[in-house]
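Reviewing the structure listed below.
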Amino acid sequence: MSDKEVLEILGTQIALGESATVTFEVAKLHTRNTLDVPIIIERSKKPGPTVLITSGIHGDEINGVEIVRQIIAKGINKPKRGTIICVPIINVFGFLNMDRFFPDGRDLNRVFPGSANGSLASRVANFVMKEIVPHADFVMDFHTGGADRFNAAQIRIVKKDSRLSELAHIFGAPFIFYSENIAKSFRNSCQKAGVPMLLFEGGKSFNIHSTITNTGVNGTKRVLHHLGMLNSKFKVSKPKKETIVINKSKWIRAEFSGMFKANVTINSYVEKHTVLGNITDPYGGFNHFVKAPNSGYIFNVNESPIIHQGDAIFHITTKIKS
38 MSDKEVLEIL
48 GTQIALGESA
58 TVTFEVAKLH
68 TRNTLDVPII
78 IERSKKPGPT
88 VLITSGIHGD
98 EINGVEIVRQ
108 IIAKGINKPK
118 RGTIICVPII
128 NVFGFLNMDR
138 FFPDGRDLNR
148 VFPGSANGSL
158 ASRVANFVMK
168 EIVPHADFVM
178 DFHTGGADRF
188 NAAQIRIVKK
198 DSRLSELAHI
208 FGAPFIFYSE
218 NIAKSFRNSC
228 QKAGVPMLLF
238 EGGKSFNIHS
248 TITNTGVNGT
258 KRVLHHLGML
268 NSKFKVSKPK
278 KETIVINKSK
288 WIRAEFSGMF
298 KANVTINSYV
308 EKHTVLGNIT
318 DPYGGFNHFV
328 KAPNSGYIFN
338 VNESPIIHQG
348 DAIFHITTKI
358 KS
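38 is the number of the first residue of the sequence shown in my numbering; add one for each residue after it.
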């Protein structure tokens with residue numbers, strides 16, 4: 038797989054030492070214009086692993102797209118050995134429309150491995166699993182928090198996978214979050230195909246956050262360096278803090294609807310009963326303080342100024358491993 042002298046994707050042959058950008062025609066629009074997904078391939082003259090770097094499975098997760106864009110723009114994707122395949126925007130429909138979903142209303146990350154004869158989203162998932170993933174030895178997939186929920190930079194992996202745990206620690210995000218694979222997700226399908234994946238989460242939808250993008254780019258460089266693939270012109274920095282492993286966590290949900298303001302910042306460690314924020318009404322007659330149910334790290338904060346009863350407003354760790 039990784040040592041092939043000639044890699045063939047969509048009929049294009051890319052030999053060791055060559056570069057290519059091939060496009061997958063997702064569909065024709067109702068105007069008959071074509072809609073293409075660019076796939077950027079860089080190969081070293083020296084054989085080695087093939088790493089697939091993806092983002093934009095959800096069209097509103099711009100921060101992940103920005104991370105992959107920087108990886109390409111800076112030349113980090115030009116390996117010292119092996120092959121790096123970048124797909125910055127998988128859900129190009131959603132990206133163009135600034136929408137999380139496909140035009141058919143489906144979440145691409147819930148239809149994998151897809152079907153060649155299925156819905157539009159299902160056909161794209163099928164293409165990714167049939168035409169791209171089989172070439173990869175390892176995947177890094179970049180996501181952000183949904184809507185106004187701002188995620189701390191984190192790597193999500195399943196428990197008891199020593200290889201992924203090693204790579205997650207090398208990536209060096211502030212948190213490693215143990216989470217089970219979701220049925221019909223890209224991560225789950227890759228695992229079933231025998232291709233390990235690090236899933237990065239950071240930031241929120243419709244937003245580019247420099248700290249999050251720097252974490253994603255620097256983490257990618259560390260992993261590529263560990264694999265012997267990073268060009269020697271790039272420096273590899275150590276993480277500023279040791280990664281916190283989240284074994285268990287819980288969502289704190291709004292007890293009331295109203296105007297919301299958080300008092301704590303992302304990545305903060307708080308003690309039990311600490312005031313995390315408050316919910317008020319527009320008329321000055323109501324003020325509810327949201328308190329931490331336990332001591333732990335806050336790794337997701339809802340930044341919406343208006344919330345409804347039951348909305349997730351904070352994600353807090355309940356069990357960690359340093």
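C-beta: ideal position from N, C-alpha, C; glycine also. Bear in mind the structure is a predicted one, so any value in this text is a computation, not a measurement.
Assigned exposure category for residue i - 16 Cβ within 10 Å defines buried
| i | result |
| --- | --- |
| E79 | buried |
| K258 | buried |
| E42 | exposed |
| P375 | Residue 375 lies beyond the range of the chain shown here (38 to 359); nothing can be said about it. |
| L133 | exposed |
| V327 | buried |
| M38 | No answer about M38 holds up, because its pLDDT of 46 lies below 50 and its placement is not dependable. |
| L47 | exposed |
| E279 | exposed |
| P125 | buried |
| A52 | exposed |
Cβ shell of residue i (< 7 angstroms), same chain only, five flanking positions each side left out
| i | result |
| --- | --- |
| S216 | R193 |
| P276 | G209 |
| T355 | K285, S286, K287, N331 and G333 |
| I219 | N225 |
| I12 | Because the chain in this structure spans residues 38 to 359, residue 12 falls outside the shown range and cannot be described. |
| T71 | E62 and K65 |
| I108 | I90, N114, C123, V254 and T257 |
| I366 | In the structure as shown, the chain starts at 38 and stops at 359, and residue 366 therefore has no counterpart that could be examined. |
CA nearest to the CA of residue i, picked from the options
| i | options | result |
| --- | --- | --- |
| L89 | I77, T58 and S152 | I77 |
| M177 | P233, R160 and D136 | P233 |
| F293 | Q50, D136, N324 and G48 | N324 |
| M266 | F212, K82, V170 and I289 | K82 |
| A189 | L145, V63, S305 and S274 | S305 |
| I245 | C227, Q228, F187 and V170 | F187 |
| D318 | H345, V301, K167 and E308 | H345 |
| F297 | I316, E279 and S222 | I316 |
| T252 | N268, P211 and G151 | P211 |
| H352 | F336, E168 and R69 | F336 |
| H67 | G54, A110 and P140 | P140 |
| L44 | E340, V170, F237 and A158 | V170 |
| G295 | H263, P342 and E308 | P342 |
| I350 | S56, S92 and N300 | N300 |
| G93 | N163, P84, F237 and G112 | F237 |
| H206 | F223, H263 and M166 | H263 |
| S222 | V148, S242, A329 and V105 | V148 |
Paired residues, beta bridge with residue i - DSSP
| i | result |
| --- | --- |
| F214 | R193 and I283 |
| D178 | T91 and L236 |
| Y306 | Y334 |
| E45 | Q50 |
| M296 | T317 and I343 |
| C227 | DSSP, once it has assigned bridges, lists no residue as partnering C227. |
| V102 | None, per the DSSP bridge assignment. |
| A64 | L72 |
| T120 | R80 and T87 |
| N324 | T317 |
Beta-carbon contacts of residue i that lie in its chain and below 6 angstroms, excluding the five residues immediately before and after
| i | result |
| --- | --- |
| F214 | Q191, R193 and I283 |
| D136 | G96 |
| G347 | R290 |
| Q50 | V43 |
| T58 | P75 and I77 |
| N163 | G151, S152 and A153 |
Contact set for residue i: own chain, Cβ-Cβ below 8 angstroms, skip 5 residues either direction
| i | result |
| --- | --- |
| D144 | H95, R137, F138 and A158 |
| Y320 | none |
| E168 | I46, L47 and F61 |
**Item:** Segment contact flag, the segment 188-205 with the segment 116-134, C-beta cutoff 8 angstroms, min 3 pairs
**Value:** Flag = no, the segment 188-205 and the segment 116-134 do not touch.
**Message:** Assess contact between the segment 91-103 and the segment 177-191, defined as three or more Cβ pairs (one per stretch) separated by less than 8 angstroms. Is contact present?
**Reply:** Result yes; three or more Cβ-Cβ pairs closer than 8 angstroms.
**Prompt:** Between the segment 222-236 and the segment 167-174, are three or more C-beta pairs nearer than 8 angstroms?
**Reply:** Counting Cβ pairs under 8 angstroms, three or more are found: they touch.
**Message:** Does the contact criterion of 3 or more C-beta pairs under 8 angstroms hold for the segment 68-77 versus the segment 121-130?
**Reply:** Under the 8 angstroms Cβ criterion, the segment 68-77 counts as touching the segment 121-130, having at least three qualifying pairs.
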